[in-house]
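As structure tokens, the structure follows; a few thoughts come after it.
Chains as they are written, first to last, in this note's numbering: chain U, 5 to 274; chain E, 12 to 298.
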């Protein structure tokens, strides 16, 4: 349970860690757009994205293994989409006689695996270098314009940061309840998928109930300290755009230009 | 069933950069029939140790051994399901494990898992017994939702759900935390009466020195993942080692020590009754 790496903040004082959260969020969005811009069969574009992630990871001084570990959580999803592409793509010509695996299916499978992998790597780099609080603050600041259409930006950001804050707590709680039910003979490891899903009920219900209890307690604690939304609230840490962020923006812009160029402007097909 | 741990070690997050050594070679022997107390500061390895007793935490490679009755937990073929049937475990705040629609179903959960062939009549009988043992009225409570009960009742139901399969060893982690004085007394009485029936051995983890000294036949003190003191409550609390470990003495022991300082020698056990008897004996003659 504790080994979930995806989304776990890796504390450090690197260049990337010190960047403005807003810039990092926008950079990741731009990066994801870049990954989607890569046209099928133009794999050089993917190498540019990979290079972007590797350089950013190195600058952030995060062990590469740590970033790779974030793949563990979605490996099933990746394999599933690859298999679906491989076996259910009817376009293209079969790779061998009477085979149902086509060349287009194979290309698509590789393409999708690369695409998802790169997106997850980039996204996990954001959460590894930016604490949940910073991310929530960043999103709040980015959504600020929506205030003019009466969208409750601050509340939205608060809900998000509370949700992020309680992930480790809920993981601990899950661990404890699983152990308690195991001690009463619950079996989560054997049987078919339906049996296993049903075996989770004794875990999910106590978890749900304790989440409600925690929510109530948190609301009381906030009330007791006279918490009142966004009006006139000041921030402990002000976000500032620095030279680091300028470098980050240039670097990300470089990626987008690079991907578009590799997308055939240069006329290279790999 | 005898519980025997030899040089038991355990590391959380083994191999990663954030690994922490929870147990550093625990040697402990709990004989059948004992009411065994485990004390120690937070993070001393108590909880990690008790989770080994029913195999919730598996013994790691080359990390010593633990044998519970006929079960060798280092053996790959060890049948953990049978072990868990014989070793009941009550976690801290057990009321948070309730999940079923009715109290009956929740208590019967263990029977369904451990003894799936049990007839419905026998199940009813066992559930009724368990609920009555924990002091609840079977007819009144069996069809209620566990979530509409009071905190104390919930805890009783949760404990009924553990003892319903008649474990021989009962392990409890901070069982009296959050109970009022009356609830605490009732609960300890319940434990003693269980200890006289099918439960042969009780192991209890607590921060409450009075609870430990009054109820336990033997006490082990954990520090930094090791057992540093072990013996009867009188032996453990009698000296000053217990203070050096960072724990405190029970009220009765403090009184005995203070009286000793002013020259009154009291020869007494650590229960309040034994203490007041001794006091009466010493001062009885000088009215």
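Don't be surprised by glycine CBs; every beta carbon is placed ideally from N, CA and C.
Chain E places a beta carbon closer than 7 Å to that of residue 190 (chain U), counting this residue as a contact. Chain-order list of chain E residues neighbouring residue 214 (chain U): 107, by C-beta distance under 9 Å.
Residue-level contact by beta carbon fails for residue 52 (chain U) and chain E, as no gap is shorter than 7 Å. If only uninterrupted alpha helix (DSSP H) runs of at least 4 residues are considered, those enclosed by the segment 230 to 293 of chain E are 244 to 249, 252 to 255, 262 to 272. Judged by DSSP secondary structure, residue 46 (chain E) falls outside any alpha helix (DSSP H) and instead within the beta strand (DSSP E) spanning 46 to 51. Taken through DSSP and simplified to helix, strand or coil, residue 81 (chain E) comes out as coil. Counting every other CB atom within 10 Å of its CB across the protein chains shown gives residue 184 (chain E) a total of 16 or more, marking it as buried. Contact between residue 30 (chain E) and residue 37 (chain E) does not hold, since their C-beta atoms are separated by about 18 Å, which reaches or exceeds 8 Å. 177, 180, 181: these are the residues of the segment 170 to 181 of chain U whose beta carbon lies less than 9 Å from some beta carbon of chain E, given in chain order. For residue 171 (chain E), the closest of E:149, E:218, E:57 by C-alpha to C-alpha distance is E:149. With its beta carbon less than 7 Å from one in chain U, residue 124 (chain E) belongs to the interface.
Here residue 16 (chain E) carries a strand assignment [DSSP, helix/strand/coil].
For residue 52 (chain U), the enclosing alpha helix (DSSP H) starts and ends at 47 to 63. Assigned with DSSP and collapsed to three states, residue 23 (chain E) falls in strand. For the segment 128 to 159 of chain U, there are no residues whose beta carbon sits under 8 Å from a beta carbon of chain E. CA-CA distance, residue 92 (chain U) to residue 114 (chain U), rounds to 14 Å.
Out of E:93, E:72, E:215, the CA that lies nearest to the CA of residue 82 (chain E) is found in E:93. Apart from sequence neighbours up to five positions away, the residues of its chain that approach residue 117 (chain U) with a beta-carbon distance below 8 Å are 82, 85, 86, ordered along the chain.
According to DSSP, residue pairing for residue 181 (chain E) in a beta bridge involves E:99, E:213. Between residue 121 (chain E) and chain U, the shortest Cβ-Cβ separation is below 7 Å. With a threshold of 16 other beta carbon atoms within 10 Å, residue 252 (chain U) meets it and is buried. Here the segment 259 to 267 of chain E makes contact with the segment 219 to 231 of chain E; the two share three or more CB pairs at distances below 8 Å. In the three-state DSSP reduction, residue 17 (chain U) falls in the coil class, being neither helix nor strand. Counting C-beta atoms within 10 angstroms of its own C-beta, residue 212 (chain E) has 16 or more neighbours from the protein chains shown and is therefore classed as buried. Contact of residue 12 (chain E) with chain U by beta-carbon distance below 8 Å is absent, the smallest such distance being about 16 Å. The DSSP-derived three-state label of residue 168 (chain E) is helix. Proximity of residue 258 (chain E) to chain U, defined by a Cβ-Cβ separation below 7 Å, is not satisfied. From the beta-carbon of residue 95 (chain E), the residues of chain U found nearer than 9 Å are 186, 187, 188, 189. For the pair residue 12 (chain E) and residue 43 (chain E), the CB atoms are nearer than the 7 Å cut-off.
In the pairwise beta carbon analysis, the segment 243 to 259 of chain E is classified as touching the segment 49 to 62 of chain E: at least three pairs are separated by under 8 Å.
When rounded, the separation of the alpha-carbon atoms in residue 61 (chain E) and residue 287 (chain E) is 34 Å. In this chain, the beta strand (DSSP E) harbouring residue 37 (chain E) covers 31 to 41. Note: residue 210 (chain U) is not bridge-paired with any residue in the DSSP secondary-structure output.
Assigned with DSSP and collapsed to three states, residue 97 (chain U) falls in coil, not helix or strand.
A check of alpha carbon separations from residue 197 (chain E) across E:207, E:167, E:109 identifies E:167 as the nearest. Residue state for residue 106 (chain U) is assigned as strand, using DSSP reduced to three classes.
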